[in-house]
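See structure below.
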Amino acid sequence: MTDPKAMSLRFPDPAQRAAIAAAAKQAGVSMQEYILSAAYDRATAVEQRFLEGFKASMARSGAAFAAEPSSLDPGDGQRAAEQDALREIEGQERGHAA
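To convert, note that position 51 of the sequence shown is 228 in our numbering; the numbers rise steadily by one, no gaps.
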């Protein structure tokens, strides 16, 4: 009789099942434990990659906020161009609304 708590392990490829069974036997664990352990290892590896990327993003953001204000502030020419573009967009919106 099978254990009701056991996972149902079905493999369409008999060679794949044999390879996993051999690896589990070599590791001295059941196939279920071997598969769950591999899934956990993969999930934690993905989590670690995400956390590394997040830390790198935080470092870039921190560097941007720590930069000298003069290097971040737009110049007078850029401000004027932005204001002109904003007026043009607002004018187009008014034209479409009428």
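Using N, Cα and C, we set each Cβ at its ideal position, and we do this for glycine too.
(request) For ALA204, collect the residues of the same chain with a Cβ closer than 7 Å to its Cβ; drop the 5 residues on either side in sequence, then sort them by chain order. (result) Correct list, in chain order: TYR211.
(message) Tell me the DSSP secondary structure of PHE188 in three-state form.
(response) PHE188: coil per DSSP, three-state reduction.
(request) Kindly list the residues whose CB is nearer than 8 Å to the CB of SER207, restricted to its own chain and excluding five residues on each side of it in sequence; keep chain order. (result) Close CB contacts of SER207 within its chain, under the 8 Å cut and outside five residues either way in sequence, are with ALA201 (chain order).
(message) Quick check: what's the CA-CA separation for GLN193 versus ARG187?
(response) ARG187 has its alpha-carbon roughly 10 Å from the corresponding atom of GLN193.
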